[in-house]
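Chemist:
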Amino acid sequence: MRRVVLTDFRNYPALALAVEAAPVVLFGPNGAGKTNLLEALSFLSPGRGLRRARLAEVDRVQAGAPCGPWAVAASVAGPAGLVEIGTGRAAGADRRLVRVDGLPQKSATVLAEWAQVGWLTPQMDRLFLEGAGVRRRFLDRLAFGFEPGHAETLAAYDRALRQRALLLQGRSLDTAWLGALEHAMAEHGIAVATARRRTARRLDARLARGRDAFPAARVAVAGEVEGWLEATGEAEVRERFAARLAGNRACDAATGGAVLGPPRSDLAVRHAARDLPAAQASTGEQKALLLAITLAHAELLAEARGVAPILLLDEVAAHLDAENRACLFAEVRRLGIQAWMSGTDRALFAAIAGTAQMVAVDRANLTPC
Ligand SMILES: Nc1ncnc2c1ncn2[C@@H]1O[C@H](COP(=O)(O)OP(=O)(O)O)[C@@H](O)[C@H]1O
Ligand SMILES: [Mg+2]
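Each residue of the sequence shown is one higher than the last, beginning at 1347 in this note's numbering.
1. Quick check: the region 1457 to 1465 against the region 1487 to 1503, are at least 3 beta-carbon pairs closer than 8 Å?
2. For ligand 2, is there any heavy atom lying closer than 7 Å to the beta carbon of D1691?
3. In chain order, what are the residues with a CB under 5 Å from some non-hydrogen atom of ligand 1?
4. Less than 7 Å between C-beta atoms, sequence neighbours within five positions excluded: which residues of the same chain meet that for G1424?
5. If I follow the unbroken alpha helix (DSSP H) through R1651, where does it start and stop?
6. If I measure Cβ to Cβ from A1417 and keep anything under 6 Å in the same chain, skipping five residues before and after, which residues do I get?
7. At what residues does the beta strand (DSSP E) containing V1350 begin and finish?
8. Compute the minimum distance between the beta carbon of E1661 and the heavy atoms of ligand 2, and state whether it is under 7 Å.
9. Excluding the 5 residues flanking M1687 on each side, which residues of the same chain have their C-beta closer than 6 Å to its C-beta?
10. In whole angstroms, give me the CA-to-CA distance for E1677 and L1641.
11. Entirely within the region 1426 to 1450 and at least 3 residues each: give me those beta strand (DSSP E) ranges in chain order.
12. Would you mind reading off the limits of the alpha helix (DSSP H) that contains D1486?
13. Spell out a yes or no on whether the region 1665 to 1680 and the region 1630 to 1637 are touching, meaning 3 or more CB-CB pairs, one atom from each, closer than 8 Å.
14. With three or more C-beta pairs closer than 8 Å as the rule, is the region 1525 to 1532 touching the region 1507 to 1514?
15. Tell me whether G1525 sits in a helix, a strand or coil according to DSSP, three-state version.
16. Measure the beta-carbon distance from F1474 to A1618 and round it to whole angstroms, keeping in mind my assumption that it falls under 8 Å.
17. For my contact list, D1598 and A1604 are in at a C-beta cut-off of 8 Å; report their separation, rounded to the angstrom.
18. Between which residues of its own chain and P1623 is the CB-CB distance below 7 Å, once the five residues before and five after are set aside?
19. Excluding five sequence neighbours on each side, which residues of the same chain lie with their C-beta closer than 6 Å to the C-beta of T1713?
20. Looking only at its own chain, which residues have a Cβ that is under 6 Å from the Cβ of D1708, when we skip the five neighbours before and after it?
21. Provide the residue span of the beta strand (DSSP E) that contains V1371, from first to last.
22. For the beta strand (DSSP E) that contains S1688, what are its first and last residues?
23. Whether or not the region 1427 to 1447 and the region 1389 to 1406 are in contact is what I'm after, with contact meaning three or more pairs of Cβ atoms, one per stretch, closer than 8 Å; do they touch?
24. What did DSSP end up calling N1711 once you bin it into helix, strand or coil?
25. Considering only their Cβ atoms, is the gap separating S1453 from R1349 smaller than 8 Å?
26. In whole angstroms, what separates the C-alpha of R1590 from that of A1501?
27. Which word fits L1485, buried or exposed, when buried means at least 16 other C-beta atoms lie within 10 angstroms of its C-beta?
28. Would R1543 pass as a contact of L1575 if the rule is Cβ separation under 8 Å?
29. So what's W1416 in DSSP terms, helix, strand or just coil?
30. Taking the beta carbon of V1456 as the centre, do at least 16 other beta carbons fall within 10 Å, making it buried, or is it exposed?
31. Cutting at 6 Å between CB atoms, please list the residues of its own chain near A1566, excluding the five before and the five after it.
32. Can you tell me whether A1362 is buried or exposed? The criterion is at least 16 other CB atoms within 10 Å of its CB, across all chains shown.
33. Mind checking E1572: buried by the 16 CB within 10 Å criterion, or exposed?
34. Please determine, among R1564, A1600 and A1588, the residue with the shortest C-alpha to C-alpha distance to D1621.
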């Protein structure tokens, strides 16, 4: 990323920031606009950004009145050099607009071809302690970088799931139609499971080595369908999957979900050296595990695409001891990643201040120092 321009984005009426390829440290008091700027950068990738906000929520509010619509533009280094990405909310609509080099794009999913943006937020510090949904979302975002069709496959599975739920709620007896939807769910569900398994295996192979102070981690996808895929051929799994869905119509009618498949899987992470599930590691150890996974993913992506992804690491120093901080900075340098790191305390970044761009943030004003 070389240039960022924000318009009516949360507390920023207008901002233009020029940066080099080096890491960026944003420091300043609470409420200054650090997370808002990282959120703006997260909209350079598909999806709802790092706060999973609704588009209208992001419009700047002044004296209780919304301004906007918001917009973010940036020059981003892609495989074929710098591209200009622009995105924002369409005026008068709850729809996202995307332009690449000035050309309007049909959907935000194309952004994944141009920019790889990953993030860790303080909310994700609880990733290993919360329900499986947040871990699945985390794994799916990691998979997007390697599996170009993954977002579409997930959407196709969800469509079939929702149509089946509607039929079941309507007490439909159209078993042929239900059966067809269940076969579609099995087909897409297996594709989702396969992409997730491949992603976890890639990460696991890289993480098993461990690196410096970061703990070695083991990563796998846990789930019934994943277990079947491990043990037997895909054709048989497809039949079994569809048969289980057909046998569970009464149950699934009540929940609106499905007894097995993508919404039932989990990302299982272990602290390898201590042979413990991540949830039982200390808060700081969990943070180090998350960083290790995020950096291993960035390294794999850089190898696959020839361009390092951009990482947004909000309040990244929280819970990290000096050794883990040093390890983070060393990895960011080694991988040549433009990591955007934020924190309230500038001193925590002293060890990287010499090679990073230090930017003071105060009430939506940025001062490079
Ligand atoms: N839509 C919005 N319009 C105007 N201000 C907003 C909007 N959303 C959030 N803010 C304000 O932006 C300020 C900076 O937020 P944030 O970037 O999260 O701070 P921090 O620097 O602590 O990360 C906060 O005071 C927040 O209330
Ligand atoms: Mg913040």
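Glycine included, every Cβ here is placed at the ideal spot set by N, Cα and C.
Modeler: A quick look at the data gives this:
1. Two segments are said to touch when three or more pairs of C-beta atoms, one from each, lie closer than 8 Å; by this definition the region 1487 to 1503 touches the region 1457 to 1465.
2. Every heavy atom of ligand 2 is 7 Å or more from the Cβ of D1691, so no.
3. Proximity annotation: ligand 1 has residues R1356, N1357, N1376, G1377, A1378, G1379, K1380, T1381, N1382, R1406 and V1407 in chain order, each selected because its CB is closer than 5 Å to a heavy atom of the ligand.
4. Excluding positions up to five away in sequence, the list reads W1460, A1461 and V1653.
5. Here the alpha helix (DSSP H) through R1651 covers T1629 to R1651.
6. Here the set comprises T1353 and G1434.
7. The continuous beta strand (DSSP E) containing V1350 extends over residues R1349 to F1355.
8. Here the distance from the Cβ of E1661 to the nearest heavy atom of ligand 2 is below 7 Å.
9. Around M1687: V1371, L1659 and V1662.
10. Roughly 7 Å between the two C-alpha positions.
11. Correct list: 1427 to 1435 and 1442 to 1446.
12. Taken as a continuous stretch (DSSP letters only), the alpha helix (DSSP H) holding D1486 covers A1478 to F1490.
13. Enough Cβ pairs lie closer than 8 Å, so yes.
14. Using a Cβ-Cβ distance cut-off of 8 Å, the region 1507 to 1514 and the region 1525 to 1532 are in contact, since at least three pairs of beta carbons, one from each stretch, lie closer than that value.
15. Here G1525 sits in helix by DSSP.
16. Rounded to the nearest angstrom, the Cβ distance from F1474 to A1618 is 14 Å, too far for a contact under 8 Å.
17. The Cβ separation is near 6 Å, so the contact holds.
18. Closer than 7 Å at the Cβ level, and outside the excluded window around P1623, lie R1616.
19. Excluding sequence positions up to five before and after T1713, its CB lies within less than 6 Å of the CB of A1706, all in the same chain and listed in chain order.
20. G1374 and A1378.
21. V1370 to F1373 is the span of the beta strand (DSSP E), which, as asked, contains V1371.
22. Residues Q1684 to G1689.
23. The region 1389 to 1406, when compared against the region 1427 to 1447, does touch it at the 8 Å Cβ threshold.
24. Note: N1711 maps to strand in three-state DSSP.
25. No.
26. Those two C-alpha atoms are separated by around 21 Å.
27. With 16 or more other Cβ atoms within 10 Å, it is buried.
28. Yes. Within cutoff.
29. Judged by DSSP in its simplified three-state form, W1416 adopts coil rather than helix or strand.
30. By the neighbour-count rule (16 or more Cβ atoms within 10 Å), V1456 is not buried but exposed.
31. So the list reads A1546 and A1614, once near-sequence residues are dropped.
32. Exposed, since its Cβ has fewer than 16 Cβ neighbours within 10 Å.
33. Taking all protein chains shown into account, E1572 has 16 or more neighbouring C-beta atoms within 10 Å of its C-beta and is therefore buried.
34. Across the set R1564, A1600 and A1588, the C-alpha of R1564 shows the shortest separation from the C-alpha of D1621.
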